[in-house]
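Chemist: Here the protein sequences come in this chain order: A and B.
Each residue of the first sequence is one higher than the one before, counting from 22 in the working numbering.
Each residue of the second sequence is one higher than the one before, counting from 52 in the working numbering.
Note that CB positions come from ideal geometry on N, CA and C, so glycine has one too.
Since the model is a prediction, treat every value here as computed from it, not as a measurement.
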Amino acid sequence: MKKDLISITDFSKEEYLRIMELAADFEQNPNQNLLKGKVVASLFFEPSTRTRLSFETAISRLGGRIVGFADPGSSSATKGETLHDTIKMVSNYADVIVMRHPLEGAARYAAEVSDIPVINAGDGANQHPTQTLLDLYSIQKTQGTLDNINLFMVGDLKYGRTVHSLLQAMSEFENPIFNFIAPPVLQMPRAYKHHLDDKGIRYFEHEEFTDIISEADIIYMTRVQKERFSDPIEYEKVKNIYILNNAMLENTKPNVRILHPLPRVNEIATDVDANPKAYYFEQALNGVYTREAIIAHLLNLK
Amino acid sequence: MEMKDNMKKKLKLKVSAIKDGTVIDHIPAKSLFKVISILGLDQIENQITFGTNLDSAKLGGKAIIKVTGKFFEDNEINKIALIAPHAKLNIIRDYEVVEKKIVETPEKIRGIVKCFNPKCITNNETITTCFKVISDEPIALKCRYCEKITTEDQIRMV
């Protein structure tokens, strides 16, 4: 039976660990000709340069060939072709599909239509599982483990799909502690807190972004977007609170690392970049190894 | 008292008795036609009688359907759980009630309900919806596709 990666919860803890192991292997030796003679369809129904380049780099390092489109303007979707028909056709051509789509659930549907594996590279505000796996890999690599991690999530915890998926994935590991730092209107949704309650996992909620980060092993920053506020005054009040600068890192643990899914706007001051605790650019590079690992795992190449 | 009993009998008889078949009682009056449509009763040849806006202390206006010669499978009848959760079935053979059934909310709902999320692929392309029932009182349905939860007040039929 073919394997897909649509939602982070499709993978078990064992599979997360398998991906970590494979990603470490690809980091040691990124160029492996495992996809030689194989065709990967890269279907971006919505532009996402960062994710697309990461995937296409991963595919190229695996020796695979890429067909597809980078934005919907150059796809048959603009002529009114249904997603069903596009996927049906492409699944006859290629060996695996990587797809990004603006509508939620599009990837799950594509996986049902397709005979070949589908990798979800983001479906609207729903899921972006390869991001979560590269986040896990970055945590494992910098902390040496995924157990006993004190994870601080900062910024927009309400709409940010990356923090939701990371929460779900990290809750599979031993004894995590979550600290949520967000303005009242952007707090972690109740459903995710219930999930933690059900699993007996500790979490704390804060509005202030202060020296409490001295406890952190990982600080996961996200952007507070103006569009999320119905009241512009509310936005003005909080817009400068959830910004991390270098001085704030003074009393943090030596092992702490700053992660961010990127692109960053102003939520991490540029003076943090030179601090060895900043890890977001390495995190992005880890995405290439993690995506090589995901492709190799789904296609049973390793 | 006697008067009332007589009235009740008369009321009952407004929808005539059947010899063999199924009586579906305690349907909220507003859901009658949806129930008919979900069960495909508008597509079959059987004799069907129904009454609606009948007095009911519990539902404040109930409907009843009697279908001659039709016996529903559980998975068929459970489809109406979303809109008539308190419906009761009487299985009639030779004018006698031989079995009573209640409707049970199924674990999965295919078709029938729309996902409330306008950005869900099922609302943008011709796809049969599919939900996992994560709570039945009140109803909460998790979309197989967009993973969002449609709650009771958001439920719209396909």
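Which residues in the same chain have their Cβ closer than 6 Å to the Cβ of arginine 144 of chain B, if we skip the five residues on either side of it in sequence?
Modeler: As a first step, residue 144 of chain B must be located in the second sequence, where it is residue number 93. Only Asp71 meet the Cβ criterion.
Chemist: Between the stretch 28-48 of chain A and the stretch 296-314 of chain A, do three or more beta carbon pairs fall short of 8 Å?
Modeler: Yes, the stretch 28-48 of chain A is in contact with the stretch 296-314 of chain A.
Chemist: List, in order along the chain, the chain B residues whose C-beta lies closer than 8 Å to that of serine 28 of chain A?
Modeler: Start at 1 with the first residue of the first sequence, and residue 28 of chain A comes out as number 7. In chain order: Glu198.
Chemist: For phenylalanine 32 of chain A, count neighbouring C-beta atoms within 10 Å of its own C-beta (all shown protein chains included) and say buried if the count is 16 or more, exposed if not.
Modeler: Within the first sequence, numbered from 1, the residue matching residue 32 of chain A stands at position 11. By the neighbour-count rule (16 or more Cβ atoms within 10 Å), phenylalanine 32 of chain A is buried.
Chemist: Helix, strand or coil for histidine 105 of chain A? Go by DSSP, reduced to three states.
Modeler: In the first sequence, counting from the first residue as 1, residue 105 of chain A sits at position 84. In the structure shown, histidine 105 of chain A sits in a helix (DSSP, three-state: H, G or I).
Chemist: Just to confirm the assignment: which complete alpha helix (DSSP H) runs, minimum length 4, are found wholly within the stretch 100-177 of chain A?
Modeler: The stretch 100-177 of chain A contains these whole alpha helix (DSSP H) runs: 104-114, 127-134, 150-164.
Chemist: Is the separation between the beta-carbon of alanine 290 of chain A and that of asparagine 261 of chain A shorter than 8 Å?
Modeler: Stepping through the first sequence from its first residue, residue 290 of chain A is reached at position 269. Stepping through the first sequence from its first residue, residue 261 of chain A is reached at position 240. It is not a contact, given that the beta carbons lie outside the stated cut-off.
Chemist: For threonine 103 of chain A, go through chain B and note every residue whose CB falls closer than 9 Å to its CB, in chain order.
Modeler: Along the first sequence, one-based indexing puts residue 103 of chain A at 82. Within chain B, the residues near threonine 103 of chain A are Glu176, Thr177.
Chemist: Does the CB of asparagine 113 of chain A have a neighbour CB from chain B at under 8 Å?
Modeler: Indexing the first sequence from 1 puts residue 113 of chain A at position 92. Asparagine 113 of chain A does not count as touching chain B.
Chemist: Could you tell me the alpha carbon to alpha carbon distance between methionine 269 of chain A and proline 68 of chain A, rounded to whole angstroms?
Modeler: One-based indexing of the first sequence puts residue 269 of chain A at position 248. One-based indexing of the first sequence puts residue 68 of chain A at position 47. Looking at the two C-alpha atoms, the distance is approximately 35 Å.
Chemist: My output table needs one value for glycine 102 of chain B: the three-state DSSP class, helix, strand or coil.
Modeler: On the second sequence, residue 102 of chain B is found 51 positions in, with the first residue counted as 1. Looking at glycine 102 of chain B - three-state DSSP - the assignment turns out to be strand.
Chemist: Going by DSSP, what residues sit across from proline 79 of chain B in a beta bridge?
Modeler: Taking the second sequence and counting its residues from 1, the one referred to as residue 79 of chain B is at position 28. BP columns for proline 79 of chain B point to B:Lys113.
Chemist: What's the gap between the Cα of isoleucine 131 of chain B and the Cα of isoleucine 172 of chain B?
Modeler: On the second sequence, residue 131 of chain B is found 80 positions in, with the first residue counted as 1. On the second sequence, residue 172 of chain B is found 121 positions in, with the first residue counted as 1. Each residue's Cα considered, the two are about 25 Å apart.
Chemist: Contact between the stretch 97-113 of chain A and the stretch 124-136 of chain A is defined here as three or more beta-carbon pairs at a separation below 8 Å; is this criterion met?
Modeler: Enough Cβ pairs lie closer than 8 Å, so yes.
Chemist: When you compare only the Cα positions, how much space is there between isoleucine 185 of chain B and aspartate 204 of chain B?
Modeler: Residue 185 of chain B sits at position 134 when you count from the first residue of the second sequence. Residue 204 of chain B sits at position 153 when you count from the first residue of the second sequence. Each residue's Cα considered, the two are about 15 Å apart.
Chemist: For tyrosine 158 of chain A, which residues in the same chain have their Cβ closer than 6 Å to its Cβ, ignoring the five residues on either side in sequence?
Modeler: Position 137 of the first sequence, counting from 1, holds the residue named residue 158 of chain A. Within the same chain, tyrosine 158 of chain A has close Cβ partners Met41, Ala44, Asn307, Thr311.
Chemist: Please state whether the Cβ-Cβ distance between serine 147 of chain A and cysteine 181 of chain B is less than 8 Å.
Modeler: For the purposes of this step, residue 147 of chain A is identified with residue 126 of the first sequence, where counting begins at 1. For the purposes of this step, residue 181 of chain B is identified with residue 130 of the second sequence, where counting begins at 1. The identity of residue 147 of chain A in the sequence shown is asparagine, whereas the question assumes serine. Contact flag unset, no.
Chemist: Could you name the residues of the same chain whose beta carbon sits closer than 6 Å to that of isoleucine 202 of chain A, not counting the 5 residues immediately before and after it, in chain order?
Modeler: Counting from one through the first sequence, the residue named residue 202 of chain A turns up at place 181. Answer for isoleucine 202 of chain A: Val175, His227, Phe230, listed in chain order.
Chemist: Out of curiosity, what's the CA-to-CA distance linking threonine 325 of chain A and asparagine 141 of chain A?
Modeler: Lying before the first or after the last residue shown, residue 325 of chain A is absent from chain A, which here runs from 22 to 323.
Chemist: Who are the near neighbours of glycine 145 of chain A in its chain, counting only those whose CB is closer than 6 Å to its CB and skipping five residues on each side?
Modeler: Residue mapping note: residue 145 of chain A aligns to position 124 of the first sequence, counting from 1. Cβ neighbours of glycine 145 of chain A beyond the five flanking positions: Pro123, Leu124, Glu125.
Chemist: In its own chain, which residues sit with a C-beta less than 6 Å from the C-beta of methionine 52 of chain B, not counting the 5 before and 5 after it?
Modeler: As a first step, residue 52 of chain B is located in the second sequence; it is residue number 1 there, counting from the start. Caution is warranted here: a pLDDT of 48 is assigned to methionine 52 of chain B, below 50, making its placement in the model unreliable, and no coordinate value can be reported.
Chemist: Under the assumption that isoleucine 80 of chain A contacts leucine 56 of chain A (Cβ atoms under 8 Å), give the Cβ distance between them as a whole number of angstroms.
Modeler: Walking along the first sequence from the start, residue 80 of chain A turns up at place 59. Walking along the first sequence from the start, residue 56 of chain A turns up at place 35. Rounded, the Cβ-Cβ distance is 6 Å, consistent with contact.
Chemist: Just to confirm, is the Cβ distance from leucine 167 of chain A to phenylalanine 194 of chain A under 8 Å?
Modeler: Residue 167 of chain A sits at position 146 when you count from the first residue of the first sequence. Residue 194 of chain A sits at position 173 when you count from the first residue of the first sequence. Yes, they are a contact pair.
Chemist: Using DSSP's beta-bridge definition, name the partner residues of phenylalanine 65 of chain A.
Modeler: For the purposes of this step, residue 65 of chain A is identified with residue 44 of the first sequence, where counting begins at 1. Its beta-bridge partners are A:Arg121.
Chemist: First and last residue of the alpha helix (DSSP H) that includes lysine 214 of chain A?
Modeler: The sequence position of residue 214 of chain A within the first sequence is 193, counting from 1. Looking at the DSSP string, the run of the alpha helix (DSSP H) that includes lysine 214 of chain A is 211-219.
Chemist: Give the C-beta separation of tyrosine 241 of chain A and valine 184 of chain A to the nearest angstrom, bearing in mind that I take them to be a contact with Cβ-Cβ under 8 Å.
Modeler: Locating residue 241 of chain A in the first sequence gives position 220, counting from the first residue. Locating residue 184 of chain A in the first sequence gives position 163, counting from the first residue. Rounded, the Cβ-Cβ distance is 7 Å, consistent with contact.
Chemist: For leucine 90 of chain B and lysine 109 of chain B, I'd like the C-alpha separation in whole angstroms.
Modeler: Counted from its first residue, the second sequence places residue 90 of chain B at position 39. Counted from its first residue, the second sequence places residue 109 of chain B at position 58. So the two alpha carbons sit approximately 23 Å from each other.
Chemist: Check for me: the alpha helix (DSSP H) holding serine 235 of chain A runs from which residue to which?
Modeler: Along the first sequence, read from residue 1 onward, the residue named residue 235 of chain A stands at position 214. Run containing serine 235 of chain A: none; DSSP gives neither H nor E here.
Chemist: Measure the C-alpha to C-alpha separation of threonine 100 of chain B and isoleucine 142 of chain B and round it to an integer number of angstroms.
Modeler: Working through the second sequence from its first residue, we reach residue 100 of chain B at position 49. Working through the second sequence from its first residue, we reach residue 142 of chain B at position 91. One C-alpha to the other measures close to 15 Å.
Chemist: Please list, in chain order, the residues of the stretch 242-255 of chain A that have any C-beta partner in chain B closer than 8 Å.
Modeler: Result list empty, no residue passes.
Chemist: At a CB distance below 7 Å, what residues from the stretch 111-145 of chain A approach chain B? Give them in sequence order.
Modeler: Against chain B - using a Cβ distance shorter than 7 Å - the residues of the stretch 111-145 of chain A are Leu124, Glu125, Gly126, Ala127, Arg129, Tyr130, Gly145.
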